[in-house]
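S.K.: For the sequence shown, my numbering begins at 28 and goes up steadily by one.
Positions of the beta carbon are idealized from the N, C-alpha and C atoms, including for glycine.
Being a predicted model, the structure only gives us computed values, none of them experimental.
Sharing a structure with you now.
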Amino acid sequence: PYLSCTPTVREVASLNGYRYRSNEAIWWDVVPNEAQEHQNAIFKRLIDFYDAAPASQTVAVPRFAGGLVEIPASFPDDLQLLDGLGVGLDGVTAAWTRILEATHDRGELFVLVFHPETFEHVRGALGLVLQRARELTPNVWVTRLTDVSRWWESKTRFQVETTETRHGLELRFTCDERATILCRHVS
28 PYLSCTPTVR EVASLNGYRY RSNEAIWWDV VPNEAQEHQN AIFKRLIDFY
78 DAAPASQTVA VPRFAGGLVE IPASFPDDLQ LLDGLGVGLD GVTAAWTRIL
128 EATHDRGELF VLVFHPETFE HVRGALGLVL QRARELTPNV WVTRLTDVSR
178 WWESKTRFQV ETTETRHGLE LRFTCDERAT ILCRHVS
């Protein structure tokens, strides 16, 4: 992920064997109002730098852009929460858990962003978020961005054919053996 990526960098990436990027940001409204009242210059600068689209107006799913799979990243990140708002480990855990649950409810992706230099500070939050992810039903796929990219590329070959029959609508799926078809509200 490089959230201030220019169009030139994107073009060069697609011409040089990269398959995916994660340069678009989605802002999840998961920070309590009282914490937002304490935002400092770091938080404000990162908000401008990330230029995140509100989750209420977009979806957190991959898409093809410029020959690459764009996998949007979810925010707030560790720096915004720890340095920009001073919410501490409990606040980081709460915010990231809320994003996980919201993306799960919506059937979308949660690309968690943290900086390696803060790992010792967010280790506990990461562990608790991963534990919560393993508890959710339907199951959550915890994986790497490269695997998401491969999945999205293979998904483009999936098809559904519909046929009206005397018994109703018949659906015939063409997909690979790893695919799972989830149906809701089907009689």
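Could you compute how far the alpha carbon of residue 78 sits from the alpha carbon of residue 52?
M.R.: Looking at the two C-alpha atoms, the distance is approximately 7 angstroms.
S.K.: Indicate whether residue 160 and residue 149 have their beta-carbon atoms separated by less than 8 angstroms.
M.R.: In this structure, residue 149 does not lie closer than 8 angstroms to residue 160 by Cβ.
S.K.: Would DSSP call residue 102 helix, strand or coil?
M.R.: In the structure shown, residue 102 sits in a strand (DSSP, three-state: E or B).
S.K.: Is residue 112 near residue 186, with beta carbons less than 8 angstroms apart?
M.R.: Taking 8 angstroms as the Cβ cut-off, residue 112 and residue 186 do not qualify as a contacting pair.
S.K.: DSSP three-state call for residue 16: helix, strand or coil?
M.R.: Given a span of 28 to 214 for the chain in the structure shown, any question on residue 16 remains unanswerable.
S.K.: On the CB-based measure, 16 or more other CB atoms within 10 Å of its CB, does residue 60 come out buried or exposed?
M.R.: Counting Cβ neighbours within 10 Å, residue 60 comes out exposed, since fewer than 16 surround it.
S.K.: Just confirm the distance between the C-beta atoms of residue 110 and residue 69, as a whole number of angstroms; I'd bet it's less than 8 angstroms.
M.R.: Right, the Cβ-Cβ distance comes to about 5 angstroms (below 8 angstroms), so this counts as a contact.
S.K.: Anyone know if the C-beta pair for residue 141 and residue 127 falls short of 8 angstroms?
M.R.: No, the Cβ-Cβ distance between residue 141 and residue 127 is not below 8 angstroms.
S.K.: Helix, strand or coil for residue 91? Go by DSSP, reduced to three states.
M.R.: Residue 91 falls in the strand class under three-state DSSP.
S.K.: Restricting to Cα atoms, I'd like to know which of 99, 36, 116 is closest to residue 172.
M.R.: Taking only the C-alpha atoms, the option nearest residue 172 is 99.
S.K.: From 45, 55, 50, pick the residue whose C-alpha is nearest to that of residue 33; which is it?
M.R.: Measuring from the Cα of residue 33, the nearest candidate turns out to be 50.
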